[in-house]
Amino acid sequence: MITITGKDAAGKDVVIHKTVKTDADGNYQTELTVADGIVDGSSVTVEAITTDRNGQGVGPASDHLAGQGDNDNDPSTPDDTGLDLVTAEITVEINTAGKITGTTKDVAPNSDVVITITGKDAAGKDVVIHKTVKTDAYGNYQTELTVADGIVDGSSVTVEATTTDRNGQGVGPASDHLAGQGDNDNDPSTPDDTGLDLVTAEITVEINTAGKITGTTTDVAPNSDVVITITGKDAAGKDVVIHKTVKTDADGNYQTELTVADGIVDGSAVNVEATTTDRNGQGVGPASDHLAGQGDNDNDPSTPDDTGLDLVTAEITVEINTAGKITGTTKDVAPNSDVVITITGKDAAGKDVVIHKTVKTDADGNYQTELTVADGIVDGSSVTVEATTTDRNGQGVGPASDHLAGQGDNDNDPSTPDDTGLDLVTAEITVEINTAGKITGTTTDVAPNSDVVITITGKDAAGKDVVIHKTVKTDADGNYQTELTVADGIVDGSSVTVEATTTDRNGQGVGPASDHLAGQGDNDNDPNTPDDTGLDLVTAEITVEINTAGKITGTTTDVAPNSDVVITITGKDAAGKDVVIHKTVKTDADGNYQTELTVADGIVDGSAVNVEATTTDRNGQGVGPATDHLAGQGDNDNDPSTPDDTGLDLVTAEITVEINTAGKITGTTTDVAPNSDVVITIKGYDENGEQVEVDRTVQTDSNGHYVYELTPADGIATGTQGSTVDVVAKTNDRNGNTIQDHDVETVDPVIKNDQSTGVTNGDNSIIGTSGDDLIAGDTGGLKTNFVAGKNYNVSIVLDLSGSMLFNMAGTIRNGANVPEGETRLEIAKKGLKAFIQQMVDHDGTINLQIASFSANNSLGNTVNKIYTNVSVDNIDQIFADIGTGKNDGLQAGGGTYPEIGFNKAVNWFNDVSDANFENQTYYITDGEPNSSQNTLDSAFRPLADQSKVFAVGVSSAVSDATVSRYDNTDANGNKLPGAWSGSNHGEAKAIADADKLIAYLIGGSENFVPADVGSDTIKGGAGDDILFGDAMNTNWITWSGRDPLMHPQYSGYSTLIAYLKAEVTSGAEPTQQQIYDFVKENYKKFVEADANDPVTKGGNDTIYGGAGDDIIIAGAGNDIIYGGSGNDIISTGRGNDTIMYDVLINADATGGNGTDVWVDYQSNDKIEFSSDFFDGLLSDKSNIGEFIKIEDDGRGNAVLKVDRDGSLNTQHEWADILIIEGKSKIDLMDMINQQIVIG
């Protein structure tokens, strides 16, 4: 029995059971067929079972055929194909309409079929198109070519299609071919192939009356023939048929035109037909158009007649001779057409005569007629003739005209005499001109309205000749007149000559008559007579204007260029005395002039100024004076709503101001009167960091200089570590204009955390700048036997005997089977370095001796080094001398003889002892001495007399009693009273733990103890400051490679710097900004470090934040914090602390204090408001609820709100003054009774 499972075409499970027989050899076989329903590509599982000879079941045996795909996920092996019963197939077909269809076999529905189509574009270039379509449920597919695909109609097209069968195997390609347009089988008995045919071919044609034929085509190749057939009539009315073949252009358009030579006459109707062949070789057309013949073809009298073809421009001519014969010709006019002739002339009375005649054209288009006496036009009259007709298109032609001149020398031929007519009277003419340019005259025997020609000569403004011709008419009495105008171009003052001529009734010339006007000047050379003025057409004028810049400008009229203008200017000098200035300038080519006042002229800025100007015109006559007035500085119109006048302003006013670090303000002015007020506005910050603005008024001296020095009363902190000071100086110049200048003296923010910046562990008073400062009130560090500010001589009496090479357990480190560990010497070196590092951080002077001891002449007895003033300058050398291992720096060897070290210390103290220095000795040993007790006592006694001696044992190899005997201090580090003796000595320890040993050496305790700190006053100043009341707690800072001995707990600022050098600056000294940024970013960690360390020391500090958004970390102790203006973050730490609120800005709802955040409020802390903070608060505070309230902000915080005028509500509203973090359940009355203090 065989069980076969697989999937059908829909993906459903198919299970088939087949039973077959075994053959003689026990073999069997069968096969799957398509009819079984498992689809190609399916995975197939087969199981077979049977029964053995004993009747027992055998099997199942199984086999599996993987389905189509990469079933082993190995890209280097071919995919499995699955079951494959059916041979896959694909077909493809394309028709001329571009439709592509195909079938597949053994291909799943929705499979991709990739179709590649090749053809040609309109330019004959290859086009390859790829399309991917899906098979449908039956394995069929289709797509189509579109015009957008770019294969042109008529192109051959080849299409190939491929797909993938159910077994993942490629199928195809199948292909089809569409032959391109043409007789591709070379069989003339079969029709041509058409190629691809996506576009319907079209053709249009149009003809206009000018015979122009145009048309368009669609789907027709460029340069294709268009056959045009045109039909019409000739001049005899016979049919004319014309054939024209033209080519299409690149856009498929074409054109041609009819010409006269084609034989179709104007006015004829015309039909046009056009045919062509498209890209598929198929005929297109015919397209047709029709031009109606001349006439009213639509029988609608309201529309114009059609004109028919109109190739020829119609013309007409006419001519008349003295005999009255009228002849003419026409063109494009039909024989026997009407010509209408209109003739005009004069009768004997001089009246107009108009005659109309109509004649016919002959076969050649010519015509004629003539005038007769009966027509009424008198001899001698002029005659005008006009002729019009209608052309073959029904359009009017003409008029054509001709003219016969009347009596006179009309032919302009001087060789023929004029006609004269009757002549009884002698003709005459006169002329006269006056200075105003008026010209008058009389005539005799001249007809009314006759022309009089007047010629006038004179000079223009440049002195050049001017000739003017004027023609005027005689009136009914024969008189005439005209006048010269400025536009004629003859300038005033010129001499003028005038001549006049005319013609009498007989056509004869009369004149010339003449007159003369003498030019400006003494033309008769008689001084007793006035000068002549010449022509005088224009009234002379002059203007003058002065502006505040002292520029004087003016114009003149009728004044010659380069004429003198005399200007008189009056004003005041700096002393208030009158100043009169005379200036003479020339007019330019346009009659304008200008000059200007200068400082050298002596009239001072701000003065009133009067100016007068006079000149002489072209006729020699005086012009002016013209005047202008510049009002002096002041409110001259007494109208307070208008700006003051400024007066003369020749000088640009200036003011300078400068402030130095000491607060001295100096400045200069230009164009400012002596003793003028200079108002100096000075902005800065007081020593508490609050903004201060003062105005100070000083006077300029005789040189325009001024000076002011800030005083303590001004309240502004100055100096390089004070506040930034901004200065604006204002004054008014002589013109009353306000001028100002600005200067600022900036200060750099500071970091004050260590001795170099004046910070100690004592009671410090530290002031910041107006920048973003970082200040700590104390240096911190570990507790030592050094008192802040004091000076010390320190001798380290160090055991360098051979046992110092042992480890703490007392065995030699390189002995067999001894556990590894640091030697006592290595531990002592670490301790010494840590101890000496504390000396560097001390704020006094420490001189150091390292005095070793062992046996005489041994290696360990060779050291006796002196270091003056231990500091950062020599710390590296000291550390190098000490070394790190057992084989560098200090080296051990020999026995234990402490008296040698005691003697070295005594000798040194004898040399350096000073009343200003305290002597201290640190005795360090690891074993019992080899010397006798008497020897040791004798050597120690002089040392104990002049020095405190602190003793410590290294390892348990030495007893407490041994080291205590040579210590003379109590538990507080004070020298015991009385003389040292074997019974009067201190208590010391021998310590076997390395870390405890180092702590004991530094501070006298087995644990590191922070140093005591002072009660400090810290004023941050303006800026966003970070202020620590005590030392910075850097215990939380660590990094890879940190040396806990060089940077132990409580080492404060030095640990911060070491961290930044290791982790941020790659060993370089960090910048001030880098230090500030790190602390600001991590301020919460500093707060947390203090909160988590109850050992931290703190003083009772007073901290003023000042202006700016400050971070204040007060630390331990009973601290008082004035946050000042700005939104501050405040940590008060341990202790009974108070946050103070004063009125900084009375108009502000929080008194100018901003909104602060208190991060670690405790119930023992207080909030204190100044007595003037609230307006209207009763003395018993019974109405306190009107002024203070507490709200929960919904984020676990309490918000303390104030209304500074309570129910009065005259100025202030409720405002947030303090957010108390993590205290959402604070009761207002509890705070009022216990924490809030007023006054």
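Note that full-length UniProt numbering has the sequence shown beginning at 1, numbered continuously upward.
In this text, a Cβ means the ideal position worked out from N, Cα and C, and glycines have one as well.
For Q1049, the three-state secondary structure derived from DSSP is coil.
Taking every protein chain shown into account, the CB of L848 has 16 or more other CB atoms within 10 angstroms, so this residue is buried. Classified as buried, E826 has 16 or more neighbouring CB atoms from the shown chains inside 10 Å of its CB. Exposure of S189 is indicated by the presence of fewer than 16 other C-beta atoms within 10 angstroms of its C-beta. Within a 10 Å sphere around the beta-carbon of H516 sit fewer than 16 other beta-carbons, which makes this residue exposed.
DSSP, read as helix, strand or coil, puts V34 in helix.
Secondary structure at E386: strand, using DSSP grouped into helix, strand and coil. Per DSSP, the continuous alpha helix (DSSP H) segment holding P898 begins and ends at P898 to V912.
Counting the other Cβ atoms within 10 Å of the Cβ of Y28 gives fewer than 16, which makes it exposed. Pairwise C-beta distances place the stretch 230-242 in contact with the stretch 252-272, as three or more of them are shorter than 8 Å. Within the stretch 817-842, the runs of alpha helix (DSSP H) that reach at least 4 residues and sit entirely inside it are, in chain order, 824-841.
Excluding sequence positions up to five before and after G1029, its CB lies within less than 6 Å of the CB of G777, D1101, I1103, A1114, G1115 and D1119, all in the same chain and listed in chain order. Nearest C-alpha to D841 among G831, A788 and R53: A788. For I1190, the enclosing beta strand (DSSP E) has its first and last residue at I1188 to D1192. Residue Y792 holds the alpha-carbon nearest to the alpha-carbon of A915 among D926, A971 and Y792.
The stretch 1029-1049 and the stretch 722-731 do not touch, with fewer than 3 CB-CB distances between them shorter than 8 Å. Just so you know, the alpha carbons of V431 and A613 end up roughly 41 Å apart. In the three-state reduction of the DSSP assignment, G1151 falls in the coil class. The beta carbon of Y1122 sits closer than 6 Å to the beta carbons of Y1104 and M1140 from its chain, once the five residues preceding and following it are set aside; these are given in chain order. Residue pairing from DSSP places H243 in a beta bridge opposite T229.
Counting along the chain, Y922 sits inside the beta strand (DSSP E) bounded by residues F917 to T925.
Distance from V199 to G215 at the Cβ level is roughly 17 Å; contact not present, criterion being Cβ atoms closer than 8 Å. DSSP, reduced to helix, strand and coil, places P942 within a helical segment of the structure shown. When the beta-carbon positions are compared, G308 and N393 come within less than 8 Å of each other. Put simply, the backbone Cα of V486 is about 7 Å away from that of L537. A contact between stretches requires three or more CB pairs, one per stretch, nearer than 8 Å, and the stretch 99-106 meets this requirement with the stretch 133-143. Spatial neighbours of T746 in its own chain (CB-CB distance under 6 Å, excluding positions within 5 residues in sequence) are listed in chain order as T724.
When the five nearest sequence neighbours on each side are left out, the beta carbons in the same chain lying within less than 7 Å of the beta carbon of V34 are those of L85 and V86, in order along the chain. Of the other Cβ atoms in all chains shown, 16 or more fall within 10 Å of the Cβ of I739; this residue is therefore buried.
The beta-bridge partner set that DSSP reports for G1124 is empty.
A contact is defined here as three or more CB-CB pairs under 8 Å, and the stretch 648-658 meets this definition with respect to the stretch 670-690.
A distance below 7 Å between beta-carbons, with the five flanking residues on each side excluded, links G180 to the following residues of its chain, in chain order: G154, S155, S156, D193 and G195. The shortest C-alpha to C-alpha distance from L1144 to any of K752, G689, V205 and P530 is the one to G689.
If you look at T962, you'll find it in the alpha helix (DSSP H) that goes D960 to R965. W980 is the residue among W980, I4, D310 and N1183 whose C-alpha sits nearest the C-alpha of P942. T77 and H64 have their C-alpha atoms some 18 Å from each other.
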